[in-house]
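Chains as they are written, first to last, in this note's numbering: chain A, 5 to 260; chain B, 5 to 260. From the three backbone atoms N, C-alpha and C, an ideal C-beta is built for every residue, glycine too. Values in this document were obtained by computation on a predicted structure and should not be read as measured data. Contents: one structure, followed by commentary.
2 protein chains.
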Amino acid sequence: MQLIAVPDLPEIGAGDDLAELVEARIDLDPDDVVCVASTVVSKAEGRDASLSSFPAGPRAREIADRLAEIHGEEKDPRFAQVVLEESVELLMEAPFLLTETRFGHVCVNAGIDRSNTGEADLLLLPRAPSESAGRIRDGLEHRNPVVVTDTCGRPFRHGQRGVALGWAGMPASRDWRGERDREGRELGVTVENVIDELAAAANLVAGEGAGGTPVVVVRGFEFGELEGSDEHFRAVETDFVRQALRGWSYEGEVAR
Amino acid sequence: MQLIAVPDLPEIGAGDDLAELVEARIDLDPDDVVCVASTVVSKAEGRDASLSSFPAGPRAREIADRLAEIHGEEKDPRFAQVVLEESVELLMEAPFLLTETRFGHVCVNAGIDRSNTGEADLLLLPRAPSESAGRIRDGLEHRNPVVVTDTCGRPFRHGQRGVALGWAGMPASRDWRGERDREGRELGVTVENVIDELAAAANLVAGEGAGGTPVVVVRGFEFGELEGSDEHFRAVETDFVRQALRGWSYEGEVAR
Numbered sequence: 005m006q007l008i009a010v011p012d013l014p015e016i017g018a019g020d021d022l023a024e025l026v027e028a029r030i031d032l033d034p035d036d037v038v039c040v041a042s043t044v045v046s047k048a049e050g051r052d053a054s055l056s057s058f059p060a061g062p063r064a065r066e067i068a069d070r071l072a073e074i075h076g077e078e079k080d081p082r083f084a085q086v087v088l089e090e091s092v093e094l095l096m097e098a099p100f101l102l103t104e105t106r107f108g109h110v111c112v113n114a115g116i117d118r119s120n121t122g123e124a125d126l127l128l129l130p131r132a133p134s135e136s137a138g139r140i141r142d143g144l145e146h147r148n149p150v151v152v153t154d155t156c157g158r159p160f161r162h163g164q165r166g167v168a169l170g171w172a173g174m175p176a177s178r179d180w181r182g183e184r185d186r187e188g189r190e191l192g193v194t195v196e197n198v199i200d201e202l203a204a205a206a207n208l209v210a211g212e213g214a215g216g217t218p219v220v221v222v223r224g225f226e227f228g229e230l231e232g233s234d235e236h237f238r239a240v241e242t243d244f245v246r247q248a249l250r251g252w253s254y255e256g257e258v259a260r
Numbered sequence: 005m006q007l008i009a010v011p012d013l014p015e016i017g018a019g020d021d022l023a024e025l026v027e028a029r030i031d032l033d034p035d036d037v038v039c040v041a042s043t044v045v046s047k048a049e050g051r052d053a054s055l056s057s058f059p060a061g062p063r064a065r066e067i068a069d070r071l072a073e074i075h076g077e078e079k080d081p082r083f084a085q086v087v088l089e090e091s092v093e094l095l096m097e098a099p100f101l102l103t104e105t106r107f108g109h110v111c112v113n114a115g116i117d118r119s120n121t122g123e124a125d126l127l128l129l130p131r132a133p134s135e136s137a138g139r140i141r142d143g144l145e146h147r148n149p150v151v152v153t154d155t156c157g158r159p160f161r162h163g164q165r166g167v168a169l170g171w172a173g174m175p176a177s178r179d180w181r182g183e184r185d186r187e188g189r190e191l192g193v194t195v196e197n198v199i200d201e202l203a204a205a206a207n208l209v210a211g212e213g214a215g216g217t218p219v220v221v222v223r224g225f226e227f228g229e230l231e232g233s234d235e236h237f238r239a240v241e242t243d244f245v246r247q248a249l250r251g252w253s254y255e256g257e258v259a260r
């Protein structure tokens, strides 16, 4: 399996055709998986925005006040407002905002980026990343599988890693249930989330910032003769961590 | 960047020299990263074990009784015993055991495998995976970086993915702080856990079960001119999910 960073992509702006820009820079094989960073998807979809468009309501002001007290620095309540508007559930309010976005992804600040945004203040995540992936895929000659990626942190483990936000043209995971080990016993491992693994792999070659390459092609990935499934975000009923967070609130120090 | 599954490894047993077995099957470049599944590391280190060696104490019996009630099927208290012995903290007791292992990894059942274990009942994780990685590395002619991998689930996201348990010869993460985007602003993304991403990438080609290839070589990964760090597991003080779990207990249905 090979990972190829697509070279020389220009700065992306609203209305740009990502599929066309990619095809002009690399000869895609029919089975290549095209991993596209959500930042360029958002830019192409005009998801940059300005804080001034999000006048803060009372809930946002309350959240920002508490965060300001905890962190000992001013917090713009309009930023809390845009995070609330992009989210369907607030999992943590302090010491930072952890929410579920409208498309099911749990991350800090609804994944809203305050760097890398040209003239605007904010870059929001794509509204529906799997639909974005589908549109990019439709623009590719071979209709390759497409994964829209981002990076985010997680509990228990230090640092960020690449994750998939949306996908099209392949299943999200493959199911090893029923497969057997060398002694003929059924495997303990069951469902492997391959789109998250593809996003993590792509992030190793994509890099960040000015020298970054937002599109990475994965060549020679073999899904295998396994059942696929399109579950990607965990259902609340099986997410005990999420249930625990519902009953928890931060009681740490203020003004660290 | 390229991922190469090392072909034709034999069934691994206690005392086998993994470095020698790998070198006999692939010509390693000096910069190749060698990703080794923890199952074969455990087997080489004689970490297979038998349930009969873990007579259950009162705490293990209490845990097993509760799990039996919840799941409506018998649970062997000796299995709870071995999980307790491999762990330093119990994060969840029900509806499954989530613990921190002695080397800092948070996972279900202390990562103990009940398949794929030859004559014994159990395969425990390596005692100190980074030391295992160091020993394998010392056996390689070019002293390549080595990552010991496993697969596990996580909150918020469906399915399992490859993760790193231990590493040697490279930093665990790279730090993008101070790097700038195309508009000259500082990046929001800071620390990228590259060993977890390498493990995820390796898992895409490793496969599971009888047809699986437990050693995968990553060729052409460029760490870049960035600061590295060896933090890998999250410190409890910054892990609010973990703090939330300490105050939570399962109150779901019994005998589903």
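Apply the 10 Å Cβ neighbour rule to A:E104 and answer buried if 16 or more other Cβ atoms are within range, or exposed otherwise.
Numbered from 1 along the first sequence, position 100 holds the residue referred to as residue 104 of chain A. It is buried - the Cβ of A:E104 has at least 16 other Cβ atoms within 10 Å.
Identify whether B:R161 lies in helix, strand or coil by the three-state DSSP scheme.
One-based indexing of the second sequence puts residue 161 of chain B at position 157. Here B:R161 sits in strand by DSSP.
Report back the beta-carbon spacing between A:T217 and A:V40 to the nearest angstrom; my notes put them in contact at under 8 Å.
Sequence index remark: in the first sequence, residue 217 of chain A carries index 213 (1-based). Sequence index remark: in the first sequence, residue 40 of chain A carries index 36 (1-based). About 11 Å separates the Cβ atoms of A:T217 and A:V40, ruling out a contact at the 8 Å cut-off.
Between which residues of its own chain and B:E97 is the CB-CB distance below 6 Å, once the five residues before and five after are set aside?
Here residue 97 of chain B is taken as the residue at index 93 of the second sequence, counted from 1. So the list reads I67, once near-sequence residues are dropped.
Do A:F107 and A:Q85 have their beta-carbon atoms positioned less than 7 Å apart in this structure?
Within the first sequence, numbered from 1, the residue matching residue 85 of chain A stands at position 81. Within the first sequence, numbered from 1, the residue matching residue 107 of chain A stands at position 103. Taking 7 Å as the Cβ cut-off, A:Q85 and A:F107 do not qualify as a contacting pair.
Grab me the residues of B:R82's own chain with a C-beta within less than 6 Å of its C-beta, minus the 5 sequence neighbours each way, in chain order.
For the purposes of this step, residue 82 of chain B is taken as the residue at position 78 of the second sequence. The answer, listed in chain order, is L55, F58, A60.
Does the structure place the segment 154 to 172 of chain A close enough to the segment 127 to 145 of chain A that three or more beta carbon pairs sit under 8 Å?
Contact between the segment 127 to 145 of chain A and the segment 154 to 172 of chain A is present, because at least three Cβ pairs lie under 8 Å.
Quick check on this structure: which residue in A:P11, A:G17, A:P34 has the alpha carbon closest to the alpha carbon of A:G224?
Indexing the first sequence from 1 puts residue 224 of chain A at position 220. The candidate whose alpha carbon is nearest that of A:G224 is A:P34.
Leaving out five residues on either side along the sequence, give the residues of the same chain with a beta carbon under 8 Å from the beta carbon of B:F227.
As a first step, residue 227 of chain B must be located in the second sequence, where it is residue number 223. Correct list, in chain order: M174, P175, R178, V198.
Whose Cβ in chain D lies nearer than 7 Å to the Cβ of B:R82?
No chain D is part of this structure, whose protein chains are labelled A and B.
So, B:L32 versus B:N148, is the Cβ gap smaller than 7 Å?
Taking the second sequence and counting its residues from 1, the one referred to as residue 32 of chain B is at position 28. Taking the second sequence and counting its residues from 1, the one referred to as residue 148 of chain B is at position 144. Taking 7 Å as the Cβ cut-off, B:L32 and B:N148 qualify as a contacting pair.
Given a threshold of 16 other Cβ atoms within 10 Å of its Cβ, counted over all protein chains shown, does A:T242 qualify as buried or as exposed?
Residue mapping note: residue 242 of chain A aligns to position 238 of the first sequence, counting from 1. It is exposed - the Cβ of A:T242 has fewer than 16 other Cβ atoms within 10 Å.
Which residues in the same chain as B:A72 place their Cβ atom closer than 8 Å to its Cβ, once the five residues preceding and following it in sequence are excluded?
Against the second sequence, residue 72 of chain B aligns to sequence position 68. Here the set comprises E78, K79.
Pull up the distance between the alpha-carbon of B:A239 and that of B:V37, whole angstroms please.
Indexing the second sequence from 1 puts residue 239 of chain B at position 235. Indexing the second sequence from 1 puts residue 37 of chain B at position 33. Between the alpha carbons of B:A239 and B:V37 lies a gap of roughly 26 Å.
By the 8 Å beta-carbon criterion, what residues does the segment 156 to 167 of chain B contribute toward chain A?
The segment 156 to 167 of chain B vs chain A, Cβ under 8 Å: R158, P159, F160, R161, H162, G163, Q164, R165, G166, V167.
Find the residues of chain B that neighbour A:V195, judging by a C-beta separation of less than 8 Å, and give them in chain order.
What you label residue 195 of chain A is simply residue 191 of the first sequence in a count that begins at 1. Here the neighbours are H162, G163, Q164.
Output yes if chain B places a C-beta closer than 7 Å to the C-beta of A:D234; else output no.
As a working note, residue 234 of chain A is residue 230 in the first sequence. No, because no Cβ of chain B sits closer than 7 Å to the Cβ of A:D234.
Measure the alpha-carbon distance for A:A48 versus A:D20 and round it to whole angstroms.
Along the first sequence, one-based indexing puts residue 48 of chain A at 44. Along the first sequence, one-based indexing puts residue 20 of chain A at 16. Spanning the two alpha carbons is a distance of roughly 5 Å.
Could you please give the first and the last residue of the uninterrupted alpha helix (DSSP H) stretch that includes B:A18?
Position 14 of the second sequence, counted from the first residue, corresponds to residue 18 of chain B. Careful: B:A18 lies outside any alpha helix (DSSP H) and carries neither H nor E.
From this set, A:E183, A:D142, A:A124, which residue's C-alpha is nearest A:T194's C-alpha?
For this step, residue 194 of chain A is matched to residue 190 along the first sequence. Among A:E183, A:D142, A:A124, the Cα nearest to that of A:T194 is on A:E183.
Name the DSSP beta bridge partners of A:L94, please?
The residue given as residue 94 of chain A occupies position 90 in the first sequence. According to DSSP, which records beta bridges pairwise, A:L94 is partnered with A:T103.
Quick check on the burial criterion: 16 or more other C-beta atoms within 10 angstroms. Buried or exposed for A:A279?
Shown here, chain A extends from 5 to 260; a query on residue 279 of chain A therefore has no answer.
In chain order, what residues of the same chain have a beta carbon less than 6 Å from the beta carbon of B:V112, not counting five sequence neighbours either side?
Taking the first residue of the second sequence as position 1, residue 112 of chain B is located at position 108. F100, L102, listed in sequence order.
Measure the alpha-carbon distance for A:R118 versus B:A203 and round it to whole angstroms.
Within the first sequence, the letter at position 114 stands for residue 118 of chain A. Within the second sequence, the letter at position 199 stands for residue 203 of chain B. One Cα belongs to A:R118, the other to B:A203, and the distance between them is close to 30 Å.
Is it buried or exposed, B:S253, if we count other Cβ atoms within 10 angstroms and call 16 or more buried?
By 1-based counting over the second sequence, the position of residue 253 of chain B is 249. Exposed.
Compile a chain-ordered list of the residues in the segment 175 to 188 of chain B whose CB is closer than 7 Å to at least one CB of chain A.
Cβ contacts with chain A: S177, W180, E183, R184, D185, R186, E187.
Along the chain, where does the beta strand (DSSP E) containing B:I8 start, and where does it finish?
Residue numbering aside, residue 8 of chain B sits at position 4 when the second sequence is read from its first letter. Segment 6 to 9, the beta strand (DSSP E) holding B:I8.
Out of A:G256, A:G215, A:G157, A:L22, point me to the one whose CA is closest to A:V150's CA.
If you number the first sequence from 1, residue 150 of chain A lands on position 146. Here the closest residue by C-alpha is A:L22.
Could you tell me if A:G166 is buried or exposed, where buried requires 16 or more neighbouring beta carbons within 10 angstroms of its beta carbon?
Locating residue 166 of chain A in the first sequence gives position 162, counting from the first residue. A:G166 should be labelled buried.
I'd like to know if A:N148 contacts chain B, where contact means its C-beta is closer than 7 Å to some C-beta of that chain.
Taking the first sequence and counting its residues from 1, one reaches residue 148 of chain A at position 144. Cβ-Cβ to chain B under 7 Å: no for A:N148.
Mind checking whether A:L95 and A:L249 have CB atoms under 7 Å apart?
For the purposes of this step, residue 95 of chain A is identified with residue 91 of the first sequence, where counting begins at 1. For the purposes of this step, residue 249 of chain A is identified with residue 245 of the first sequence, where counting begins at 1. Going by C-beta atoms, A:L95 is nearer than 7 Å to A:L249.
Taking a contact to mean a Cβ-Cβ separation below 7 Å, would you say A:R65 touches A:L128 in this structure?
Against the first sequence, residue 65 of chain A aligns to sequence position 61. Against the first sequence, residue 128 of chain A aligns to sequence position 124. A:L128 sits away from A:R65, with the two beta carbons spaced by 7 Å or more.
Along the chain, which unbroken stretches of the beta strand (DSSP E) at least 3 residues long are found entirely within the segment 171 to 244 of chain A?
177 to 179, 195 to 197, 219 to 223, 231 to 233
If distances are taken between C-alpha atoms only, which option among A:R161, A:E212, A:C156 comes closest to B:D185?
Along the second sequence, one-based indexing puts residue 185 of chain B at 181. Among A:R161, A:E212, A:C156, the Cα nearest to that of B:D185 belongs to A:E212.
Report, in whole angstroms, the separation of the C-beta atoms of B:E201 and A:A210, which I expect to be a contact under 8 Å.
Within the second sequence, numbered from 1, the residue matching residue 201 of chain B stands at position 197. Within the first sequence, numbered from 1, the residue matching residue 210 of chain A stands at position 206. 10 Å between Cβ atoms; not a contact.
Taking 7 Å as the threshold (beta carbon to beta carbon), is A:A68 in contact with chain B?
Locating residue 68 of chain A in the first sequence gives position 64, counting from the first residue. No - not a single Cβ of chain B is within 7 Å of the one on A:A68.
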